[in-house]
Amino acid sequence: MTLQQLRYADAIARYGSLGEASRRLFVTQPTLTESIRELEEELRVAIFARSSRGMTVTREGEEFLASARQILDDVASIQSKYGGKAVRLPQFAVSTQHYAFVVEAFMEVVKANPADAYDFTLRETVTSEIIDDVSRHKSEIGVLYLSDRNS
């Protein structure tokens, strides 16, 4: 379980939908879905009930989210109190067009590293912004497909 997963679960419950949470968090819906699925598997609890109308919080999910929010509040308090003394984590950012294989590969990289090793960011955007992100060192890696339509 990671703080990022706690933040994702909180956002889905807070905003009421996977789509809105993904927009607010600047991550893809598949990223959120996979992260929550892994969290639920690890904890062996269904935090959300899925239906054709979206995701709703289960009774166990309400209990989990109360604890998760307390942890997130505690982390925010610690960061506020000691944030100036903290060592800034190195960034590992990837800018990409919408490709499922990139999300899957990115999640493998995140899982293969300790949560406190890097500040991971995955950004889905258009070709010109991918090139700009890499050239301005906003992203370490850019994944794109050039064709006659987007070059």
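So for the sequence shown, the numbering used here puts the first residue at 12; every next one is plus one.
The beta carbon of each residue, even a glycine, is placed where N, CA and C say it ideally should be.
Please read all numbers here as calculations on a predicted model, not as lab measurements.
Grab the span of the alpha helix (DSSP H) containing residue i for me, first residue to last.
i: M118; result: A111 to K122
Starting from residue i, trace the beta strand (DSSP E) both ways and give me its first and last residue.
i: D127; result: Careful: D127 lies outside any beta strand (DSSP E) and carries neither H nor E.
i: V154; result: I152 to V154
Just to confirm before moving on: does the CB-CB distance between residue i and residue j stay below 7 Å?
i: E51; j: I58; result: yes
i: A126; j: T44; result: no
i: L100; j: D130; result: yes
i: S106; j: I82; result: no
i: F103; j: E49; result: no
i: A20; j: A79; result: yes
i: L172; j: A24; result: Because the chain spans 12 through 162 in this model, residue 172 falls outside it and cannot be assessed.
Per DSSP, residue i forms a beta bridge with which residues?
i: Q102; result: D130
i: E140; result: Answer is none; E140 lacks a bridge partner.
i: T107; result: E135 and V154
Review point. If we count Cβ pairs, one from each stretch, closer than 8 Å, do we get three or more for the stretch 84 to 94 versus the stretch 106 to 125?
Key: no
Practice item. Decide if the stretch 15 to 28 is in contact with the stretch 62 to 82; the criterion is three or more beta carbon pairs, one per stretch, under 8 Å apart. Key: yes
Review point. Between the stretch 129 to 149 and the stretch 75 to 91, are three or more C-beta pairs nearer than 8 Å?
Key: no
Review point. Which runs of the beta strand (DSSP E) fall wholly inside the stretch 15 to 103 and span at least 3 residues, in chain order?
Key: 59 to 62 and 65 to 68
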